[in-house]
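> Heads up, this note's numbering is the position in the sequence shown plus 91, with the first residue counted as 1. Virtual Cβ for every residue (Gly too), placed ideally from N, Cα, C.
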Amino acid sequence: MRNVFNVVMRIVSSLLGLAMIAMGGIWMLQGLNLAFRVGFMVGDRRWTVYGAILLLFGIAQVIWSNSRQHAAQ
92 MRNVFNVVMR IVSSLLGLAM IAMGGIWMLQ GLNLAFRVGF MVGDRRWTVY
142 GAILLLFGIA QVIWSNSRQH AAQ
């Protein structure tokens, strides 16, 4: 049962990281005024920085969740 839990949590953690990557990318594109040109983030360079930070955290989350060692049984 513990093995199933570890697999499910690894998938959830990876999906969370992928969502962070997608959001960070969107924030960066809006901050650079390249996409989704409606809203308060458009053309604001701060959102480019916030997006880059979130994107890096998302990449780290995906790497961390897929490189953890399996627990001894």
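Does DSSP put residue 133 in a helix, a strand or coil?
coil
> Within the same chain, show all residues whose beta-carbon is closer than 8 Å to that of residue 143, passing over the 5 residues directly before and after it, in chain order.
Its chain contains 115 and 119 as the residues whose beta carbon lies nearer than 8 Å to that of residue 143, once the 5 sequence neighbours on both sides are disregarded; these appear in chain order.
> Between the region 97 to 109 and the region 139 to 159, are three or more C-beta pairs nearer than 8 Å?
Verdict: yes, contact present.
> Starting from residue 97, trace the alpha helix (DSSP H) in both directions and tell me its first and last residue.
93 to 122
> Who are the near neighbours of residue 145 in its chain, counting only those whose CB is closer than 7 Å to its CB and skipping five residues on each side?
111, 114, 115 and 118
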